[in-house]
Every structure is written in structure tokens, then in C-alpha cells.
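Number of protein chains: 2
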Amino acid sequence: MISELQAYLKKEYGIEFKDPSLLAEAFTQASYVNEHPNQGLKFYERIEFLGDAVLQLFVSEYIYKRYPQLPQGKLTRLRAAMVCEDSFSKFAKECHFDQYIRLGRGEEMAGARQRPGLLCDIFESFIGALYLDQGRDAVEKFIHRVIFPKLDMGWFDHAVDAKTSLQEFLQRDGDVDIEYHLLAETGSENAPVFKVNVSANGKVIGMGSGSSKKHAEMAAAKAALTTLRKQKK
Amino acid sequence: MISELQAYLKKEYGIEFKDPSLLAEAFTQASYVNEHPNQGLKFYERIEFLGDAVLQLFVSEYIYKRYPQLPQGKLTRLRAAMVCEDSFSKFAKECHFDQYIRLGRGEEMAGARQRPGLLCDIFESFIGALYLDQGRDAVEKFIHRVIFPKLDMGWFDHAVDAKTSLQEFLQRDGDVDIEYHLLAETGSENAPVFKVNVSANGKVIGMGSGSSKKHAEMAAAKAALTTLRKQKK
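Structural data, given as C-alpha cells:
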């Protein structure tokens, strides 16, 4: 299983481990070690401890530099959305890491291989092993491919409001003048409907409506982001 | 204040910032920025966000490598004891960082300069600025001087039990045979007293007693650690 993993990593990511035993450790659950005593096997938990901190720093550094205007509170919220079981388990699946985990029979039968908690752990332990064996540049290269593109794809938009996301998206390549205009206020007094558009350097890029001016602006920003992301592809 | 800080860092730690504005940002609280509007000042919170993650990783990496036998749970407990407000505020005081913080007048009057929460923040933001300006090697050098020696001084012993600490202390330079021997069991049935010694490669290095064998072993390990640490000085 580990030699297949080595071949896969080489083919897919150009990664060749100097010390394959680190890679084996990172993909081995305690239950497997228990079923194979006297083989001197190690399980992933220590490396996961390290990998967790590696991911925490690299994600922090990336969003710190990418969003120079984002205040600490929003940076923290965005990091929490990126560095969590939900996203790491998805990254692990996307990287097909689930196929290479060494599990004990009981855990296998219980469906552990697809459990988000385990997939998340394995993603972290892989990063820990990569860091120890190949250094920080290799980790950066890997997460630039696997994690950061998801920011542009909107995976973490729920953590940062749409107006902020739009601002960061537009201003990454320099200053852009973003304006929201109220177009109409309709509906009844108890159920008003606001209609707003958003423009970048004078050009309308999105439109939205909502029960308050703020909600309408958020909707317009979201619409603009969706269009801009489609154009980028 | 910032130029005095620069002089101090150069003299005391050999650190010269390429971009002093980063250093200024790291030592400036929001209250100071509010009192000096229109100067384009920034406060420390964003850099602190980064510094926190830098410390988390570097401490994790150090203890991961230094304690190769320590399981994840104990590594996590030890890291939590090292990376916390209590210890960071002490490091900040030890480095005299409290003298260089830029505070608003209200905060100054309220005694914020000595508040552990602020001192901890400033320690983290300094590390963040050092990381951005001077790179990871400079951070490692700094925390090898300021943080890691405290491990040998026993600052974090409460996070790891004494037997584990003794083992790690002795086995850092290679394998050492550690044995605990029950010397005597005295007291009454309801209040027994156990007396134990601990030896390293056959030489007795500590003695202790307690109400159970385990407590006596812990006491012996603690006594041995105290003696060994004195000898090391």
C-alpha cells in the first residue's frame, strides 16, 4: 500500500520521499499497529500533531499576505473555515488519500476509511511528513495546488462576507473603486424590497435585491463574484 | 520609543529590522492609533495573528524532535503549557517588551502596560514581525534563547509528569537504563508510606516517598530532576 502511495505521489505531485518510513507512519492508524505487533510500526498521531501546526502557519501566512486589508477577526474566521475537519477531509478525498490508509480490520469494517475525522487527521499527518522529509517549500507547493485555489472557487465565502470577498478579489491587482448604488425601493412598508447594483471603476458588475440595503448590497456583491469567477475560468 | 526599541534589540539580541514600520506596528495598540489619527498608523492585531501561528509551529517542531518518545496527547499538553498567555506574558516581561508598547492615554492609566493579555499579544506580534522581516532562522534563534531553555529549567514540568520529564532529560544524549526500586513500605494499612529510589545505569540519582508506589516514584523522579538540573548549571 505504501509503495503504491509512493508511486502515486510521484506521478501526481512529483513528490519523492527520502524516508518512506515517515510516509508509512503518516498513513498508519493505531488499529493497524495493534494488529501487527512486533513489526516496530508507528501510527500517525505524533506526525499529525506537527502537520496541524504546519498547516495553521502556512494558511495564516497566505491569507495574511493575500488580504492586506482584512482585520484580525476576519482573518481568524477565514482561517478557521480553511483549517478544519470539514475542509481537510475533503482535501484528503480529493487527493485520494483514503485509498492508502492502513487500518485494522475492525476499523475497516466500521467504515473508518470514509470518516471525516480520520481523513482530516491523515491530511494533517501527510503534511507533517512532507514537512519533515521535504521541507517547507515542498509543503507550500503542495498546498498552493490543493488548498489555496479553493479560495477563488468560493469554498470559504461563508467565513468572509460577500462585500469583503469582492473587494479582495478586485483589489488583488491594484486599487479598484467599488461603489454600491440604490436603484429602487419597492414593496410595502412592512416588507420593503431594495434593489442595488455594484460597480467597479464605474462599470456595473452585479445586481441584487434584499429586505434591507445591506442585504441587497451583499446579494449584488455575491452576483458580481459569481460572474467574475466564471469569466476567470 | 520605536527607535529605542530598535537600539535595544540590536544591542541585546543582535536583531536589526529592515522595515522598522513592521516593528512599530507590532508594538502599537489600537488605543494609540485612535489617539493619533491621520498618521496612517497600524496596530498589532494582524501581525499578532501571524505570530501566534509562527510560535505554534516552532514550539511544536521543537518538542516533536526533542521528545521522540512522547505520545501526541502529552505533546499537546506540553505545547499548551508553553504556548499560552501565562508563559508568553512572562517572556515579554523578561525581554522588557512592556517598556516599548505604544498605548493610548486611557489604557496607560488603566494599567494595560502590565496586563498579561496585552503582554502576551505583544510577544506574539513581535514574533510575527520578526518572521516577516528577518525570516524563520531569526525567529528560531530568538526562541532558542528565550523559550526553550525554560524547558530545562522546569517551567513546564506541570504539563508532563516527572517520570516522563526525567526520562526525556536523561535520554536526550542516548539510551539510559532507568529503574525504580521499592526500598520500604512502612506506615499503617490505612496510611501506607512507600519509599522508592530511581537509578540511571545502575547509579542511584534520586529518592522519594509517597502514599502509593506511583506517588513515591514521581517524588523520586522529581528529586532526581532537581539534582541533575543543579549539576548542569
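Keeping their order, the protein sequence lines are chains B and D.
full-length UniProt numbering applies: residue 1 is where the first sequence begins, and numbers increase by one.
full-length UniProt numbering applies: residue 1 is where the second sequence begins, and numbers increase by one.
In this text, a Cβ means the ideal position worked out from N, Cα and C, and glycines have one as well.
Endpoints, the alpha helix (DSSP H) within which lysine 11/B is located: 2-13
Given a cut-off of 8 Å on the beta-carbon distance, is the pair isoleucine 116/B and aspartate 161/B in contact? The sequence given here has proline at residue 116/B, not isoleucine. Cβ distance not < 8 Å, so proline 116/B and aspartate 161/B don't count as in contact.
Could you check what DSSP says for histidine 181/D in three-state terms: helix, strand or coil? strand
Chain D contact residues for proline 71/B, given Cβ-Cβ distances below 8 Å: Glu45 and Arg46
Reducing DSSP to helix, strand and coil, say where valine 160/B ends up. coil
Inter-stretch contact (C-beta, 8 Å, three-pair minimum) for the region 187-194 of chain B and the region 104-112 of chain B: no
Whose Cβ in chain B lies nearer than 7 Å to the Cβ of alanine 53/D? Gln56, Leu57 and Ser60
Where does lysine 222/B sit, in a helix, a strand or coil, going by DSSP? helix
Going by Cα to Cα distance, which pick from Lys150/D, Tyr67/D, Lys222/D and Ile15/D is closest to tyrosine 131/D? Ile15/D
Should valine 196/D and glutamate 217/D be called a contact, given that it needs their Cβ atoms to be closer than 8 Å? yes
Among residues of its own chain, excluding the 5 on either side of histidine 158/D, which ones have a beta-carbon nearer than 8 Å to its beta-carbon? Ala81
With 16 as the cutoff for other CB atoms within 10 Å, does glutamine 29/D come out buried or exposed? buried
CB-CB length for isoleucine 47/D against alanine 129/D, believed under 8 Å: 5 Å
Residue-chain proximity (tyrosine 32/D, chain B), Cβ-Cβ < 8 Å: no
Minimum Cβ-Cβ distance from residue 255/D to chain B less than 8 Å: In this structure chain D extends from 1 to 233, so residue 255/D is not present and cannot be described.
Looking at the secondary structure, which residues open and close the alpha helix (DSSP H) in which phenylalanine 194/B lies? Careful: phenylalanine 194/B lies outside any alpha helix (DSSP H), inside the beta strand (DSSP E) at 192-200.
What residues in its chain sit with their C-beta under 7 Å from that of asparagine 34/B, if we drop five residues either side in the sequence? Gly104
Taking only runs that begin and end inside the UniProt domain "RNase III" (6-135) of chain D, name each unbroken alpha helix (DSSP H) of 4 or more residues, in chain order. 20-26, 30-35, 45-66, 72-82, 85-94, 105-109 and 116-134
Which of helix, strand or coil does DSSP assign to serine 209/B? strand
Delimiting residues of the alpha helix (DSSP H) encompassing aspartate 152/D: 149-152
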